[in-house]
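Student:
This is the structure we're talking about:
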């Protein structure tokens, strides 16, 4: 017994000694040194050696958009780094073009501070700031999409442009999906989800496009569309999205930390015909843009092509049908890829890019003279880009917001 106890004591001593050695080695290899960061030729601020640039900027109230929590998959936290070239990380090679990399573009989340750095950012990003808002209303639109209506400070509302987005931060949390109140009509869709759990030990931030109409903004309301991020079918053991799960759980009166507005996805200042193509929560910025343009009076011809799987996945359909009746220059088309017999669907059947090709591009006299706005899942974006290329539409007439992350 004495020998066993001595062995345990020895093992603990060895573990402690190794831990101390690792801590000492880390301090020697990763020194806690100050690093100067300069943004747009302003006075530099001080960060610490080894900090990622995204976090360093955030601690000094420079809140870059980031929808992936710093994983490098969303490609939104773009900065231009001056001076000596920095070898791009794999995530940057995947999200940035060769031309962008040659110009010094990087993802702030992928840059670790090893020495003084100078970066360039759009001035508008420097004006975005953090704010708190309150949930005024939350409701299910489909089984996996929830509408959240938030109040916001007047200065934030005044800065919102149709097509912009805000970042929301979920606090540490843990709960089971059985705690989420689901409308009876979606109970069957949620039967297999009840065993999921959402958890995070640290705050997590994600970006969401603003779906607010001018009338919403006049009342100080931010309308957001949240799609529940579920584990992919081939990796069912992965946890669901921390932020989207939490936003499906919040109720009226809950306070949420946010930042923004961000983004440069918006209608061009031109009289060219507008064609908007969306799917899923890609509806959000397109809804804002359509209401904004129609509200300005005498807009150019506008058509909105929306793709969904089945009738239950449609939302705001009556709203857009009403707009089409009120505005002769506005056209609303829906394509269902997999309608059920009970849907009694008489519209376009198939994917939205095919409907766009057959119902618009094929017979339009000058498809290359229109502006195209795309927002939705990556596969939809790629398919639409393909039919636009076939129709001879140049890339400078295509504007898109990729919801791939």
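Residue numbers (UniProt numbering): 1 to 405. Just so you know, even glycine gets a beta-carbon here, dropped at the ideal spot from N, CA and C.
Please list, in chain order, all residues of the same chain as residue 26 whose beta carbon is under 8 angstroms from its beta carbon, the five residues on each side excluded.
Tutor: Taking the chain shown and counting its residues from 1, one reaches residue 26 at position 26. At residue 26, the pLDDT of 49 sits below 50, so the modelled position is not reliable and the matter cannot be decided from this model.
Student: Who does residue 315 pair with in a DSSP beta bridge?
Tutor: Working through the chain shown from its first residue, we reach residue 315 at position 315. Residue 315 pairs with nothing; no bridge assigned.
Student: One question on the structure: do residue 288 and residue 211 come within less than 8 angstroms of each other, judged by their Cβ atoms?
Tutor: Sequence index remark: in the chain shown, residue 288 carries index 288 (1-based). Sequence index remark: in the chain shown, residue 211 carries index 211 (1-based). Between residue 288 and residue 211, the C-beta gap is smaller than 8 angstroms, which places the two residues in contact.
Student: Contact defined as beta carbons within less than 8 angstroms: I believe residue 336 pairs with residue 357. What is the distance between those atoms, to the nearest angstrom?
Tutor: For the purposes of this step, residue 336 is taken as residue 336 along the chain shown, with counting starting at 1. For the purposes of this step, residue 357 is taken as residue 357 along the chain shown, with counting starting at 1. So it is not a contact: roughly 16 angstroms between Cβ atoms.
Student: Could you give the distance in angstroms between the alpha-carbon of residue 87 and the alpha-carbon of residue 72?
Tutor: For this step, residue 87 is matched to residue 87 along the chain shown. For this step, residue 72 is matched to residue 72 along the chain shown. If you take the alpha carbons of residue 87 and residue 72, they lie about 15 angstroms apart.
Student: Taking a contact to mean a Cβ-Cβ separation below 8 angstroms, would you say residue 107 touches residue 39 in this structure?
Tutor: Here residue 107 refers to the residue found at position 107 when the chain shown is read from its first residue. Here residue 39 refers to the residue found at position 39 when the chain shown is read from its first residue. No; because the gap between Cβ atoms is not below 8 angstroms, this pair is not in contact.
Student: Among residues of its own chain, excluding the 5 on either side of residue 161, which ones have a beta-carbon nearer than 6 angstroms to its beta-carbon?
Tutor: Working through the chain shown from its first residue, we reach residue 161 at position 161. Hits under 6 angstroms: 266.
Student: Can you name, in chain order, every residue of its own chain whose Cβ lies under 6 angstroms from the Cβ of residue 224, other than the five neighbours on each side?
Tutor: Along the chain shown, one-based indexing puts residue 224 at 224. Result list for residue 224: 148, 208, in chain order.
Student: Please go through the region 235-315 and give each complete alpha helix (DSSP H) segment of 4 or more residues, from N-terminal end onward.
Tutor: 242-249, 283-294
Student: Does DSSP put residue 377 in a helix, a strand or coil?
Tutor: In the chain shown, counting from the first residue as 1, residue 377 sits at position 377. Note: residue 377 maps to coil in three-state DSSP.
Student: Is residue 120 helix, strand or coil by DSSP?
Tutor: Counted from its first residue, the chain shown places residue 120 at position 120. Note: residue 120 maps to strand in three-state DSSP.
Student: Reducing DSSP to helix, strand and coil, say where residue 157 ends up.
Tutor: Looking up residue 157 in the chain shown gives position 157. In this structure, residue 157 counts as helix in the three-state DSSP scheme.
Student: Which value, in whole angstroms, describes the spacing of the CA atoms of residue 394 and residue 388?
Tutor: Here residue 394 is taken as the residue at index 394 of the chain shown, counted from 1. Here residue 388 is taken as the residue at index 388 of the chain shown, counted from 1. About 8 angstroms.
Student: Looking at residue 206: is its Cβ nearer than 8 angstroms to the Cβ of residue 144?
Tutor: Within the chain shown, the letter at position 206 stands for residue 206. Within the chain shown, the letter at position 144 stands for residue 144. Their beta carbons are not under 8 angstroms apart, which means residue 206 does not touch residue 144 by this criterion.
Student: With distances taken between CB atoms, is the gap from residue 220 to residue 152 smaller than 8 angstroms?
Tutor: Counting from one through the chain shown, the residue named residue 220 turns up at place 220. Counting from one through the chain shown, the residue named residue 152 turns up at place 152. Cβ atoms of residue 220 and residue 152: closer than 8 angstroms.
Student: Would you grab the beta carbon distance between residue 256 and residue 150 for me? Rounded to a whole angstrom, and I think it's under 8 angstroms.
Tutor: Indexing the chain shown from 1 puts residue 256 at position 256. Indexing the chain shown from 1 puts residue 150 at position 150. Right, their Cβ atoms sit about 7 angstroms apart.
Student: Return the CA-CA distance between residue 217 and residue 291, expressed in angstroms with no decimal places.
Tutor: In the chain shown, residue 217 corresponds to position 217, counting from 1. In the chain shown, residue 291 corresponds to position 291, counting from 1. Going by the C-alpha atoms only, they are around 12 angstroms apart.
Student: Just tell me which of 259, 172, 79 has its CA closest to the CA of residue 157.
Tutor: Locating residue 157 in the chain shown gives position 157, counting from the first residue. Nearest option by C-alpha distance: 259.
Student: Leaving aside the five residues before and after residue 51 along the sequence, list all residues of the same chain whose C-beta is less than 6 angstroms from its C-beta, in chain order.
Tutor: Counted from its first residue, the chain shown places residue 51 at position 51. Here the set comprises 113.
Student: Got a sec, what are the start and stop residues for the alpha helix (DSSP H) residue 55 sits in?
Tutor: Your numbering for residue 55 matches position 55 in the chain shown. First-last of the alpha helix (DSSP H) with residue 55: 53-58.
Student: Does DSSP classify residue 331 as helix, strand or coil?
Tutor: As a first step, residue 331 must be located in the chain shown, where it is residue number 331. If DSSP states are grouped into helix, strand and coil, residue 331 belongs with the strands.
Student: Is it true that the CB of residue 243 sits closer than 8 angstroms to the CB of residue 281?
Tutor: Translated into positions along the chain shown, residue 281 becomes position 281. Translated into positions along the chain shown, residue 243 becomes position 243. No, these two residues do not count as a Cβ contact at 8 angstroms.
Student: Kindly indicate which residue of 364, 370, 305, 193 has the alpha-carbon position closest to the one of residue 238.
Tutor: On the chain shown, position 238 is the one that residue 238 refers to. Of 364, 370, 305, 193, the residue nearest in Cα terms is 193.
Student: Say whether the region 82-101 touches the region 41-59, bearing in mind that this needs 3 or more beta-carbon pairs closer than 8 angstroms, one atom from each stretch.
Tutor: Because the criterion of three Cβ pairs below 8 angstroms is not met, the region 82-101 and the region 41-59 do not touch.
Student: Return the residue from the list 372, 200, 129, 374 that minimises the CA-CA distance to residue 171.
Tutor: Translated into positions along the chain shown, residue 171 becomes position 171. Checked all of 372, 200, 129, 374; the closest Cα to residue 171 is 200.
Student: Which one of 391, 379, 232 has the shortest CA to CA distance from residue 401?
Tutor: Within the chain shown, numbered from 1, the residue matching residue 401 stands at position 401. That would be 379, whose Cα lies nearest to the Cα of residue 401.
Student: Mind checking which residues open and close the alpha helix (DSSP H) that includes residue 217?
Tutor: Against the chain shown, residue 217 aligns to sequence position 217. 214-218 is the span of the alpha helix (DSSP H), which, as asked, contains residue 217.
Student: On a Cα-Cα basis, can you pick out the residue from 285, 294, 346, 312 that is closest to residue 166?
Tutor: Residue 166 sits at position 166 when you count from the first residue of the chain shown. Nearest C-alpha to residue 166: 285.
Student: With a CB to CB cut of under 6 angstroms and the five nearest residues on each side skipped, what residues in its chain are close to residue 53?
Tutor: The residue you call residue 53 lines up with position 53 of the chain shown. Around residue 53: 108, 111.
Student: State the Cα-Cα distance for the pair residue 183 and residue 94, rounded to the nearest angstrom.
Tutor: For the purposes of this step, residue 183 is identified with residue 183 of the chain shown, where counting begins at 1. For the purposes of this step, residue 94 is identified with residue 94 of the chain shown, where counting begins at 1. Roughly 40 angstroms separates the two Cα atoms.
Student: Looking only at its own chain, which residues have a Cβ that is under 7 angstroms from the Cβ of residue 44, when we skip the five neighbours before and after it?
Tutor: One-based indexing of the chain shown puts residue 44 at position 44. Listed in chain order, the non-local C-beta contacts of residue 44 below 7 angstroms within the same chain comprise 36, 37, 38, local neighbours out to five positions each way being set aside.
Student: When you compare the CB positions of residue 275 and residue 306, do they come within less than 8 angstroms of one another, or not?
Tutor: For the purposes of this step, residue 275 is identified with residue 275 of the chain shown, where counting begins at 1. For the purposes of this step, residue 306 is identified with residue 306 of the chain shown, where counting begins at 1. Result no, Cβ atoms of residue 275 and residue 306 do not sit closer than 8 angstroms.
Student: Quick check on this structure: which residue in 382, 386, 269 has the alpha carbon closest to the alpha carbon of residue 371?
Tutor: Working through the chain shown from its first residue, we reach residue 371 at position 371. Answer by Cα proximity: 269.
Student: Bridge partners of residue 129, per DSSP?
Tutor: The sequence position of residue 129 within the chain shown is 129, counting from 1. Residue 129 pairs with 260.
Student: For the beta strand (DSSP E) that residue 231 lies in, which residues bound it at each end?
Tutor: On the chain shown, position 231 is the one that residue 231 refers to. Note, residue 231: premise wrong, no beta strand (DSSP E); not H, not E.
Student: Per DSSP, what are the beta-bridge partners of residue 145 in this structure?
Tutor: Residue mapping note: residue 145 aligns to position 145 of the chain shown, counting from 1. DSSP lists 227 as partners of residue 145.
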